[in-house]
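First comes the structure, then the notes that go with it.
Chains as they are written, first to last, in the working numbering: chain A, 7 to 120; chain R, 1060 to 1175.
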């Protein structure tokens, strides 16, 4: 049982480049989300989805796009990378769409934008 | 508005000491859920415990215990006889338990260092 799989683990981008962070889960969870972790700021929600075809913005959505074409996959796209997007990104999924169940996290992607 | 405060940014203890990590939350909802996660130096986030707002019983799991007090809006985490493997960043989180579009609100974390 792989759980939540994120790729890549590390990425370096130049300002203005675009890329997609991949996230897949094999637990048939309806709820999926993306967080960024920055020093001293905890985990901040970027986007989330409560099922295939349904996405919504979180606390810090600017500069990021998401889509949810299948239950399993929830990619995060950086349209034009900026140094302010240097961060560690976590994908998470949950059995419940109502926040009653814990989040299961991927191992994270460390992104550096130069 | 929902908010989670972990006022202790960093804590250092000597091995075998007990340590309590504080978590204070704010919510207007009567139904909500509280969580603790551990992030060891390797970076992954590990779920430790969930508590709902209707269950104020304290919980003990080995050397870990949790004290939930609605009267003070706190959900504190105590590690008894700390070990070096307990060194990690610990996050407290709150969920509204909303019908749709739930969002988890995380504290800023407490970095615990256990000195051998």
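Ideal placement from N, C-alpha and C gives every residue a C-beta, glycine not left out.
Continuous beta strand (DSSP E) stretch holding residue i: start and end
i, result
"residue 1156(R)", "Unbroken run through residue 1156(R): none, as it is neither H nor E."
"residue 1084(R)", "1083-1085"
"residue 54(A)", "48-57"
"residue 1163(R)", "1163-1165"
"residue 25(A)", "25-31"
"residue 117(A)", "115-119"
"residue 11(A)", "10-13"
"residue 1109(R)", "1105-1111"
"residue 1122(R)", "Taken as a continuous stretch (DSSP letters only), residue 1122(R) belongs to no beta strand (DSSP E), as it is neither H nor E."
"residue 1079(R)", "1078-1080"
"residue 39(A)", "37-44"
"residue 84(A)", "82-84"
"residue 19(A)", "16-19"
Beta-carbon contacts of residue i that lie in its chain and below 7 Å, excluding the five residues immediately before and after
i, result
"residue 84(A)", "24, 25, 69, 70 and 91"
"residue 1063(R)", "1082, 1084, 1151, 1152, 1153, 1164, 1165 and 1166"
"residue 93(A)", "42, 43, 44 and 117"
"residue 1076(R)", "1141"
"residue 88(A)", "21, 69 and 119"
"residue 60(A)", "74"
"residue 65(A)", "50 and 51"
Three-state secondary structure (DSSP) of residue i
i, result
"residue 66(A)", "coil"
"residue 1116(R)", "coil"
"residue 1142(R)", "coil"
"residue 1065(R)", "coil"
"residue 1169(R)", "strand"
"residue 1129(R)", "helix"
"residue 1071(R)", "strand"
"residue 1101(R)", "coil"
"residue 90(A)", "helix"
"residue 104(A)", "coil"
"residue 166(A)", "Nothing about residue 166(A) can be read from this structure; chain A reaches only from 7 to 120."
"residue 1147(R)", "strand"
"residue 74(A)", "coil"
"residue 34(A)", "coil"
"residue 1091(R)", "coil"
Residues of its chain near residue i, where Cβ-Cβ distance is below 6 Å and the 5 sequence neighbours each way are ignored
i, result
"residue 1111(R)", "1092"
"residue 1126(R)", "1117 and 1135"
"residue 1133(R)", "1083"
"residue 1139(R)", "1077 and 1122"
"residue 1137(R)", "1079 and 1124"
"residue 81(A)", "26 and 28"
Same chain, Cβ closer than 8 Å to residue i, neighbours up to 5 away in sequence not counted
i, result
"residue 1067(R)", "1080, 1081 and 1169"
"residue 76(A)", "58"
"residue 1109(R)", "1092, 1093 and 1094"
"residue 110(A)", "9, 10, 31, 33, 35, 98, 99 and 100"
"residue 1172(R)", "1069, 1070, 1071, 1072 and 1146"
Taking Cβ-Cβ distances below 7 Å as the criterion, which residues of the stretch 1139-1155 of chain R are in contact with chain A?
-> 1150, 1154 and 1155
Pull out every residue of the stretch 105-119 of chain A whose Cβ sits closer than 9 Å to any Cβ of chain R, in chain order.
-> 105, 106, 107, 108, 109, 110, 111, 112, 113, 114 and 116
Residues of the stretch 1071-1093 of chain R with a CB closer than 7 Å to any CB of chain A: list them in chain order, please.
-> 1092
Residues of the stretch 1100-1128 of chain R whose Cβ lies closer than 7 Å to any Cβ of chain A, in chain order | 1102, 1103, 1104, 1106 and 1109
Contact residues within the stretch 65-99 of chain A, judged by C-beta distance below 7 Å to chain R = 96
Using a beta-carbon distance cut-off of less than 9 Å, what residues from the stretch 39-59 of chain A approach chain R?
-> 39, 41, 43, 46, 47, 48, 49, 50, 51, 54 and 56
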